[in-house]
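Residue numbers (this note's numbering), protein chains in the order written: chain A, 1 to 245; chain B, 1001 to 1177; chain C, 2001 to 2420. In what follows, a single structure is set out as structure tokens and then discussed.
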Amino acid sequence: MSELFEPLLRSYDEKRRSELVAAYLAVEHAAEPVPEVRFPALREPALRRTLEAMLGLSGRTLVRPAPKTWISGYRDDVAAALAADPACVPPVEERAVLALVLIHSVAIPRATGLLAEDSWQSPYPTPLEELRRRSQLPVGELEAALRRLRAAGLVAQVRADGEETGGYVPGPQFHRLTDTARRRLQEELILAAGPDSPLAAAIRARRRNRVHDPQARDPQARDPQAHDPHDRQAHDTAHAQGETR
Amino acid sequence: MTVDPHVLARARARVLGVVSADASAPVPSGLTGASDGTRVWLLPQWPDGATPALLEEYDTAPMPLDRPGQQRRVLAAALRCCWTKLDDAPWPGGEAPVIDVLEVYAGMSRGDADLARRWATGELRRLSDTGWLLLDETAGTVRPGPRVALWREESLASLRDLLRRLPQPVREDAPHE
Amino acid sequence: MSPTSETVVTAADDAPSLDDALVGEAVLGVYRQMFAALARDSGAVVDDPELVDVAETLLAAFADAGEEGLTREQMRYVCRRYPAEVFDNRLRVLKGLGAVREVFPKPNQLRYRASFTSVVGLMFVRRMMLDGGQSEMHRLLALEQLNVADPRMTAEQARDGAEGLARAFRLWSVELITLTNGTIEELREQAPKLWGTEEILRRAERLHGAILRRWPELDRTCTDLRAAIYAYGDASRRAAARLSDSAGTTRNLTLLPPETWRTFARTASREELAAVLDGFVFDAPAPWHEPSTVVTAVEDGPRATPPRPAPPRPSTPDPGLSGDTGSDATAVERLRAVAEQVLRGRDRVAVEDVLDQDWPAARRVLADLQSAHLHPGLPYRLTWSDGLAVRPGGSPTWISPGVFERTPPSGPRANGGTAP
């Protein structure tokens, strides 16, 4: 079963090898980011590089949502290529519900200053009533969409607890978004909810520059304002998405 | 910007979950094909025969699952009916009427049998969505799903033993309310 | 408190230049009343927001009191939760700036009345604190647009209006540029109150066009206004570009006001909402069921194979119990009959012996024994031991050693003897 990984694992002794396998399965299947203290293959840079290569075989990459914790997600270029296939994108009713949960559980608490962490996880549930009564979604498809989103770990249900009302929060799958994907999610929400805002204008301008500038892939010729370390991938993804739009 | 097509095929299999193709279609490298003769399902390959069960050894929680116990009991009930040749591998197994599975499950559960059947129906759908069973709702039949082919032979002894002890479906005279 | 103080400082800086147009003690009186609520003493702005609360509490009480006004005791009473010295300070300042006046309705009767201007001033300040200059600018632009269309409006007034707007845009640009060059946190916090949406810029340009059409002679003023609008638009874009390039993957969500988010969530169509997640891919649900966990789930399930402790039983036969478990009394009695038939007076019997008949019949019996075992109201137990006995030629051909037995009478209810 392991011919796929053999070339990468061959050179390691049994102990290292099992450490790599353990870390691989952990980052691929855990619900939450795993602490590197528990996995030598995450802690040691050389092993981590091999782990990254193992994940890369399936188009995955290591994501570090918080210092010293790791999980895996789709590489940005792979995600962009997959997203071009309609079969790989969640159906419209699920995406719509998910967008609402992101707005009520993350965007609004953040805009009102309640959320401090820079994360798509949130302790503020979106009440079912809000989704049912105060959105334009057909009520008929709401429950089924929530059930499927829950099964996929895209939303998590928070049970009502005394005074606290229950509802839905973004699920553990959001740990698995790369920085670039997280940032793009933020941009998409801003473009959708505040298309008239100066920020939306800046986002559009930046995307236009990247799509229209054929030199943009050359770091020398790129927008001098963009210099974050993830930018190379960010740029590639934005580029691809600009074209598929 | 072009992604290696093999890499893309493996990533695609993870996004889609249960993907099948005509049995004659080539299985992309780095994936395992589980064929029932007509269709072939694509399964991931894990290094050194490890499975996600390894997470438990490391005290690491897997993706949360609603009522895992119930889901697994329904899986056991279904396998009781469609993995009848227990000396063989569970995949591809045989076909069994859903109604039999529901009866076996109801027999395993306390309380309202009707309610148990309803719960079990929901679980059958979820097990089918995730490739543990193949459910044909129009025909009212169920058979093992391709993911059971990921089970390692060495891990099956206790399950075989359990399934032998589980009663077979009885529905003619089951107490109906 | 910082937006408030900044606002006030800006207004105070503005004041001397407006003096030319609006002269006289009366104007200064309006200024003082406008900002009396925020004044610490007659020379400076408050340094504690609570002082503004006292003023607000007082002004609200005056509004309720009507033309009678309030006595000093009544004022003290409504402000009773504030310390005496805070109250005294407030009253002195408000009186000094003319926000509260002394009146003598009758000789020897001292009462107080509040000024309307102070209340308006406070409303303005609160609004500025809430959403910064944004909505104020919308109001101002709308108002100017009306003025420009008013036949009574003179060129002189139009120029004053345009100059005022140009000045406001320039000041905003300066502040935005300063922020854009400062820390990202401060920019993120302040920018939404300062920068202009495309809507504001469009309105400003429309107003500029209207002034120029009606009073072509104001072309120089209009050029200035145009430049100020462009500068402001530019400063807004630069601030936005810096923020959109900034680190952080959710932090910029704070840049749209909560109301904007709420409106979008409530009015957007399904397709508009779904578009947010266009291009994102996620894992399909893929729970793992290890064979051993399937075994554990069955063994630890509600129907445990090992003997379970007898459930607590009522001291008298309780027909209601069968209702609780979803079956009727007839079904319970049927199970009891089957169990007793199998036991034939014995306390225990090997399952093997019971099943020694044709399989369809045997499995019916087995199912009933299982149900009897599971029924909390019936005193029977079905247990299986490990292992497997193969019975060539038998039916079934294999069987696990199992025992069906009567549970010890732990209470008066466990009297299997009622069976036929």
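C-beta: ideal position from N, C-alpha, C; glycine also. From a predicted model like this one, the values you see are computed outputs, not experimental measurements.
Straight-line Cα distance separating residue j from residue i
| i | j | result |
| --- | --- | --- |
| V2093(C) | S2246(C) | 45 Å |
| D1036(B) | R1152(B) | 18 Å |
| R1164(B) | A2350(C) | 17 Å |
| E2185(C) | M2123(C) | 28 Å |
| A1106(B) | L1127(B) | 17 Å |
| P67(A) | P33(A) | 10 Å |
| T1121(B) | A2284(C) | 21 Å |
| T1996(C) | Q2190(C) | Chain C is shown only over 2001 to 2420; residue 1996(C) falls outside these bounds and no answer can be derived. |
| S1109(B) | E141(A) | 31 Å |
| M2085(C) | T112(A) | Rather than Met, the amino acid found at residue 2085(C) in this sequence is Glu. Near 35 Å, if we compare the C-alpha coordinates of T112(A) and E2085(C). |
| G2323(C) | L1115(B) | Confidence at G2323(C) is low in this model, with a pLDDT of 33, below 50, so the placement of that residue is unreliable and no value is reported for it. |
| E1057(B) | D2278(C) | 38 Å |
| L1075(B) | R2262(C) | 43 Å |
| P138(A) | A2274(C) | 13 Å |
| S1024(B) | E117(A) | 51 Å |
| V2125(C) | E2056(C) | 12 Å |
| L42(A) | D13(A) | 17 Å |
| P2302(C) | A2372(C) | 14 Å |
| A2362(C) | V2354(C) | 7 Å |
| R2348(C) | T1051(B) | 43 Å |
Spatially closest choice to residue i from the options, by CA coordinates
| i | options | result |
| --- | --- | --- |
| S105(A) | E2056(C), A2191(C), E2067(C) and T2254(C) | T2254(C) |
| V2052(C) | P2107(C), G2121(C), Q2074(C) and G2069(C) | G2121(C) |
| L2091(C) | R2080(C), V2103(C), K2106(C) and M2075(C) | M2075(C) |
| L2097(C) | V2078(C), S2118(C) and R2080(C) | S2118(C) |
| E2167(C) | A2231(C), A2084(C), Q2145(C) and V2294(C) | Before going on, a small fix: residue 2167(C) reads as Arg here, not Glu. The shortest C-alpha separation from R2167(C) is found at A2231(C). |
| E1095(B) | W1083(B), D1088(B) and V1104(B) | W1083(B) |
| V1142(B) | C1081(B), V1019(B) and A1053(B) | C1081(B) |
| V155(A) | Y124(A), R184(A) and P138(A) | Y124(A) |
| L100(A) | L177(A), R210(A), E117(A) and R133(A) | R133(A) |
| R2113(C) | R2159(C), T2071(C), R2213(C) and S2244(C) | T2071(C) |
| L1166(B) | E1103(B), V1019(B) and H1006(B) | E1103(B) |
| R2213(C) | R2152(C), A2265(C), V2148(C) and T2180(C) | V2148(C) |
| Q121(A) | N209(A), R207(A), F174(A) and F39(A) | F174(A) |
| L2256(C) | L20(A), G59(A), I108(A) and P91(A) | I108(A) |
| R1160(B) | R1012(B), L1079(B) and T1138(B) | L1079(B) |
Local conformation of residue i per DSSP, three classes
| i | result |
| --- | --- |
| T2197(C) | coil |
| F2404(C) | strand |
| F5(A) | coil |
| G140(A) | helix |
| P1052(B) | coil |
| P1068(B) | helix |
| K2106(C) | strand |
| V1104(B) | helix |
| G2320(C) | Model confidence at G2320(C) stands at a pLDDT of 32, short of 50, so the residue's coordinates are unreliable; what they give is reported in the following sentence. Helix at G2320(C). |
| L2382(C) | strand |
| A2337(C) | helix |
| A1021(B) | strand |
| Q1168(B) | coil |
| P35(A) | strand |
| R117(A) | Checking the sequence, you will find Glu at residue 117(A) rather than Arg. Three-state DSSP puts E117(A) in coil, outside helix and strand. |
| D1136(B) | strand |
| D13(A) | coil |
| T1002(B) | coil |
| S72(A) | strand |
Beta-carbon separation (whole angstroms), residue i vs residue j, contact threshold 8 Å
| i | j | result |
| --- | --- | --- |
| A1149(B) | L1055(B) | Not a contact, Cβ separation roughly 20 Å. |
| R182(A) | T2267(C) | Not a contact, Cβ separation roughly 26 Å. |
| W1041(B) | P1146(B) | 4 Å |
| T1060(B) | A30(A) | 5 Å |
| H1006(B) | P1028(B) | 6 Å |
| L2243(C) | R2159(C) | Going by Cβ atoms, the distance from L2243(C) to R2159(C) rounds to 36 Å, so no, they are not a contact pair. |
| C2079(C) | V2054(C) | 6 Å |
| P1144(B) | P1092(B) | 6 Å |
| G1111(B) | V1018(B) | About 32 Å; that fails the 8 Å criterion. |
| F2169(C) | I2229(C) | 6 Å |
Residue i CB to nearest heavy atom of the ligand FMN below 7 Å
| i | result |
| --- | --- |
| K1085(B) | Within the structure as shown, the ligand FMN is missing, as the structure has no ligands at all. |
Should the segment 2236-2246 of chain C be regarded as contacting the segment 192-203 of chain A, the criterion being three or more beta carbon pairs within less than 8 Å? Using a Cβ-Cβ distance cut-off of 8 Å, the segment 2236-2246 of chain C and the segment 192-203 of chain A are in contact, since at least three pairs of beta carbons, one from each stretch, lie closer than that value.
Counting pairs of beta carbons, one from the segment 75-86 of chain A and one from the segment 2289-2296 of chain C, are three or more of them closer than 8 Å? Segments in contact, no.
Counting Cβ pairs, one atom from each stretch, are 3 or more of them under 8 Å apart for the segment 69-80 of chain A and the segment 173-180 of chain A? As far as the Cβ criterion goes, the segment 69-80 of chain A touches the segment 173-180 of chain A, which means the pair count is three or higher.
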